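Numbered per my numbering, the sequence shown spans residues 6 to 183. Heads up, the beta-carbon is just placed ideally off N, CA and C, and yes, glycines get one too. The structure displayed is predicted, hence computed values, not measured ones. These notes concern the structure reproduced below.
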Amino acid sequence: MATVDQTIEVEVPVTTAYNQWTQFETFPEFMSGVESVRQLDDTTLHFSTNTAGVHREYDARILDQVPDSVISWESVDGPRNAGLVRFEPLGPDRTRVNVTIEWTPEGVAEKTGAAVGVDELQVGADLNKFKKFIENRGTETGAWRSTVVAGEVDEPPAGSGGTMLDEEPPPPTGGRDF
6 MATVDQTIEV EVPVTTAYNQ WTQFETFPEF MSGVESVRQL DDTTLHFSTN
56 TAGVHREYDA RILDQVPDSV ISWESVDGPR NAGLVRFEPL GPDRTRVNVT
106 IEWTPEGVAE KTGAAVGVDE LQVGADLNKF KKFIENRGTE TGAWRSTVVA
156 GEVDEPPAGS GGTMLDEEPP PPTGGRDF
C-alpha cells in the first residue's frame, strides 16, 4: 500500500475551503487525472480517472464528514484507495488543508510512480491548483454541510437547527487510522 501526505495553506476561511471540497464535481478543475466525478447519493461518488494513460472508473463512499473539519472516504470497487482531508482554521481568512491518501498501486507504471515519489509530487501540485482555484474565486461554488458518521448521514432532529455551538462534532473514524 502506498501513502501520500501533503499539506497546504490557503488564504480563505475554513468554511470556504471545506465547502468547496464538498463540491466533488469540481475536482477535475484542480486535480490532474480526475476526468469526472458524479455524486450518486449523499455518500457515494463515481470517479472517472486517467493516470499515465490508464483509464479507471470506480465508486467511493464517504465514511466521515464533519463540517469545517474533515472528510474521509474509501473506494468500494475498482482500484483500492482511501483518504482523509483535514481542514484547520489558522485565522479568520487562512486555512490549513491536509490530504492523506492510501492506495494499492496496480501495474508497473503505478508501482514505479509510487516508488519514486511521483504520486507525492502530483498531490502537492493538485493542492497548489486547489489553492489557486479557491483563492482566485474567493468563494465556494456550493456547499454540502451535513455530517456523515461511519458512512451514514447524521441528520439532526427535526426543528433542532443542527448541533449546539458548544457541542463537539463526532470524532471522524472512517474505520481508518491515518
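Taking glutamate 34 as the centre and dropping the five residues before and after it, the same chain places the C-beta of Phe138 closer than 7 angstroms to its C-beta, in chain order.
When Asp47, Thr27 and Ser41 are compared, the shortest CA-CA separation from threonine 54 is found for Ser41. With respect to the 8 angstroms criterion, aspartate 73 and tyrosine 23 are classified as neighbours on the basis of their beta carbons.
Here the alpha carbons of leucine 126 and alanine 87 stand approximately 18 angstroms from one another. By alpha-carbon distance to alanine 130, the top candidate from Glu30, Thr100 and Met36 is Met36.
Here valine 113 is exposed, its C-beta having fewer than 16 other C-beta atoms within 10 Å. The beta carbon of glutamate 30 sits closer than 8 angstroms to those of Ser41, Val42, Arg43 and Gln44, all from its chain and outside the five residues before and after it, given in chain order.
In the DSSP assignment, glutamate 157 falls within the beta strand (DSSP E) that extends over 157–159. Rounded to whole angstroms, the separation of the alpha carbons of glutamine 25 and glutamate 145 is 5 angstroms. With distances taken between CA atoms, alanine 65 lies nearest to Gly83 out of Val123, Gly58 and Gly83. A residue is called buried when at least 16 other Cβ atoms come within 10 angstroms of its Cβ; glutamate 115 meets this threshold and is buried.
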